[in-house]
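**Q** Just dropping this structure here.
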DNA sequence: CGGCGCATCGTACTCAAGGACAGGGAGACG
DNA sequence: CGTCTCCCTGTCCTTGAGTACGATGCGCCG
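Residue numbers (this note's numbering), protein chains in the order written: chain G, 11 to 213; chain F, 11 to 213.
Laid out in structure tokens, this is it:
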């Protein structure tokens, strides 16, 4: 048998019967409790509704993840739980009542060492990162600033000195100061530190 | 045949031969150019090195993605390209010379309507989101700082002047400078702006 | 054409910041 | 007791930042 033992960890007999069909692909064993997971198991499908399930921040999760590839199955999936599960060390997160084809695919992917999250979560991740990865796309703070002023403000807020900015924009330090003064005036801040806090959403 | 037609889009004959083995699973057809993709195709594996490949920001990508599930295969994968590919509408991003098992898995996942990215990118996404979702809780930056130094650093990072901090803590401005100098030294930053960026998780 | 916004540059000034250098007092620890 | 760390304070000095006067050139618009 090339496939590793698959532990089906659920307290729910109905769910267990449903998951039982996975036995066609993996040798399976049932576990009723979290702390009763077989020691040597390498792959597990874990019901989020297990009665003795530790919180996702619990240190037992990462310890367990060292030797066990876990798929966290929730009957009511949501982003926060999914992120928590992945961060806790789980390799997959899916709907507990997903189709057998879907579950098989998830387990396949996880067994091969990859991570699996649904497209909903992945999309949200991408949008979040997309959001976070482009500070130049100013949301509100740049209102009323000219294009040049925004450039200068952006750089100043990232810690560049006036001389740095001048060199980068190929203008004089004097001009940088001029733009910055306008920025301070328009944004109602006193110095570049306050500017940085505003630009980055602190205060 | 339950599997849809798989378009192998690459200009590279070597890569095409390698991918050809996917024909055991999907009916395949070769395309040499991006604008020569068959009209009715539903699934495509696209070489990032295609000569006429549009930039990832090109509007042709989302249009194409409407009817075609694309896996973007790069011979030198990196996060930025991966994110760009997914955002452009591709359903998968992987190494062009990944193993056939891996490619099959990716295509399986994508064919079923899910998104696929490697664990490296996914991990990075998670860390990025993890980072972005908790700006107030900065646990790591204060490592090695004494209690007093942390107080001063915290206030300085929020934009308080040395005089402000001195008044607030009922000490001399000189002492504030002393603590701050120690903070700068320990954290490897040059001034309070850099400190603020570090404390608040920017840079 | 004249006014206006924008970007650019000059000099001079004030001031907070930060470093260099030097020290005192309180508590912990072997 | 000696040593160590932490907290506190002092003076002197250099420098970047920010402001206060100023100025020119360009494009747009009524």
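From the three backbone atoms N, C-alpha and C, an ideal C-beta is built for every residue, glycine too.
What's the gap between the Cα of residue 109 of chain G and the Cα of residue 41 of chain G?
**A** Their Cα atoms are separated by approximately 21 Å.
**Q** Along chain G, in chain order, which residues have C-beta atoms closer than 9 Å to that of residue 24 of chain F?
**A** None at all; the shortest Cβ gap to chain G is about 25 Å.
**Q** Against chain G, which members of the region 172–206 of chain F pass a CB distance test of less than 7 Å?
**A** The region 172–206 of chain F vs chain G, Cβ under 7 Å: 202, 203, 204, 206.
**Q** Suppose you measure from the CA of residue 134 of chain G to the CA of residue 114 of chain G; what does that come to, to the nearest Å?
**A** Near 24 Å, if we compare the C-alpha coordinates of residue 114 of chain G and residue 134 of chain G.
**Q** Helix, strand or coil: which one does DSSP assign to residue 174 of chain G?
**A** Helix, per DSSP.
**Q** Against chain F, with Cβ distances strictly below 8 Å, would residue 210 of chain G count as a contact?
**A** Yes, residue 210 of chain G counts as interfacial toward chain F.
**Q** State the CB to CB distance for the pair residue 104 of chain G and residue 112 of chain G, rounded to an integer number of angstroms; the pair is presumed to be in contact (CB under 8 Å).
**A** Confirmed, Cβ separation roughly 7 Å.
**Q** For residue 127 of chain G versus residue 94 of chain G, is the C-beta spacing smaller than 8 Å?
**A** No, these two residues do not count as a Cβ contact at 8 Å.
**Q** From residue 199 of chain G to residue 192 of chain F, what does the alpha carbon distance come to, in whole angstroms?
**A** Roughly 28 Å separates the two Cα atoms.
**Q** Does the beta-carbon of residue 172 of chain F have 16 or more other beta-carbons within 10 angstroms, so that it is buried, or is it exposed?
**A** Residue 172 of chain F should be labelled buried.
**Q** Take the Cβ of residue 87 of chain G as the centre, count every other Cβ of all protein chains shown within 10 Å, and call the residue buried at 16 or more, exposed below.
**A** Residue 87 of chain G comes out buried.
**Q** Listing by chain order, which chain F residues have their CB less than 8 Å from the CB of residue 128 of chain G?
**A** Within 8 Å Cβ-Cβ: 124.
**Q** Taking all protein chains shown into account, do 16 or more other C-beta atoms lie within 10 angstroms of the C-beta of residue 189 of chain G, making it buried, or fewer, making it exposed?
**A** Residue 189 of chain G is buried by the Cβ-count criterion.
**Q** So, residue 58 of chain G versus residue 83 of chain G, is the Cβ gap smaller than 8 Å?
**A** Yes, the pair counts as a contact, with Cβ atoms nearer than the cut-off.
**Q** Does the CB of residue 118 of chain G have a neighbour CB from chain F at under 8 Å?
**A** Closer than 8 Å to some Cβ of chain F, the Cβ of residue 118 of chain G qualifies, so yes.
**Q** Let me confirm a value: residue 169 of chain F is counted as buried when at least 16 other C-beta atoms fall within 10 Å, else exposed. Which label applies?
**A** By the 10 Å Cβ count, residue 169 of chain F comes out buried.
**Q** Flag this pair as yes or no: are the beta carbons of residue 163 of chain F and residue 205 of chain F separated by less than 8 Å?
**A** Yes, Cβ-Cβ distance for residue 163 of chain F and residue 205 of chain F is below 8 Å.
**Q** On the DSSP letters alone, give me the boundaries of the alpha helix (DSSP H) that residue 189 of chain G sits inside.
**A** Per DSSP, residue 189 of chain G belongs to the alpha helix (DSSP H) from 183–197.
**Q** Return the residues of the region 67–83 of chain F that lie within a Cβ-Cβ distance of less than 8 Å from chain G, sorted by chain order.
**A** The region 67–83 of chain F vs chain G, Cβ under 8 Å: nothing.
**Q** What residues of chain F sit near residue 115 of chain G, judged by a beta carbon separation below 9 Å?
**A** Result: 115, 118, 119, 122, 124.
**Q** Apart from the five residues just before and just after residue 209 of chain F, which ones in its own chain have a Cβ nearer than 8 Å to its Cβ?
**A** Cβ within range, chain order: 148, 151, 163, 164, 167.
**Q** Give a yes or no on whether the minimum CB-CB distance between residue 148 of chain F and chain G is below 8 Å.
**A** Bear in mind that the predicted position of residue 148 of chain F carries a pLDDT of just 44, short of 50, making it unreliable; the figure below should be weighed with that in mind. For residue 148 of chain F, the answer is no, since every Cβ of chain G falls outside 8 Å of its Cβ.
**Q** Is there a Cβ of chain F sitting closer than 8 Å to that of residue 92 of chain G, yes or no?
**A** Not an interface residue.
**Q** Kindly say whether residue 99 of chain F, judged by its beta-carbon, lies nearer than 8 Å to any beta-carbon of chain G.
**A** Output row for residue 99 of chain F: interface = no.
**Q** I'd like to know if residue 169 of chain G contacts chain F, where contact means its C-beta is closer than 8 Å to some C-beta of that chain.
**A** It does; some Cβ of chain F falls within 8 Å.
**Q** Contact criterion: CB-CB distance below 8 Å. Does residue 53 of chain G meet it with respect to chain F?
**A** By this cut-off, residue 53 of chain G is not an interface position.
**Q** I'd like to know if residue 110 of chain G contacts chain F, where contact means its C-beta is closer than 8 Å to some C-beta of that chain.
**A** Not closer than 8 Å to any Cβ of chain F, the Cβ of residue 110 of chain G fails to qualify, so no.
**Q** Is the distance from the Cβ of residue 56 of chain F to the Cβ of residue 81 of chain F below 8 Å?
**A** Closer than 8 Å, so yes.
**Q** For residue 207 of chain G, name the three-state secondary structure that DSSP assigns.
**A** Of the three classes helix, strand and coil, the one that applies to residue 207 of chain G here is helix, per DSSP.
**Q** Under 7 Å between beta-carbons, which chain G residues line up against residue 96 of chain F? List them in chain order, please.
**A** Per Cβ cutoff of 7 Å: 136.
**Q** Alpha carbon to alpha carbon, how far is residue 20 of chain G from residue 96 of chain F? Give it in angstroms, no decimals.
**A** In a straight line, the C-alpha of residue 96 of chain F is about 35 Å away from that of residue 20 of chain G.
**Q** With DSSP as the reference, label residue 126 of chain F as helix, strand or coil.
**A** Three-state DSSP puts residue 126 of chain F in a strand.
**Q** Just the Cα atoms here: how many angstroms apart are residue 153 of chain F and residue 211 of chain F?
**A** The alpha-carbon atoms of residue 153 of chain F and residue 211 of chain F are separated by roughly 14 Å.
**Q** According to the neighbour-count rule (16 or more other Cβ atoms, all chains shown, within 10 Å of its Cβ), is residue 143 of chain F buried or exposed?
**A** Residue placement at residue 143 of chain F cannot be trusted, given a pLDDT of 47 that sits under 50; the coordinates are not used to answer.
**Q** Please confirm if residue 18 of chain F has its CB atom under 8 Å from at least one CB of chain G.
**A** So no, residue 18 of chain F is outside the interface.
**Q** Between the Cα of residue 159 of chain F and those of F:196, F:30, F:32, spot the shortest distance and give me the residue it belongs to.
**A** Residue F:196 is the option with its Cα nearest to residue 159 of chain F.
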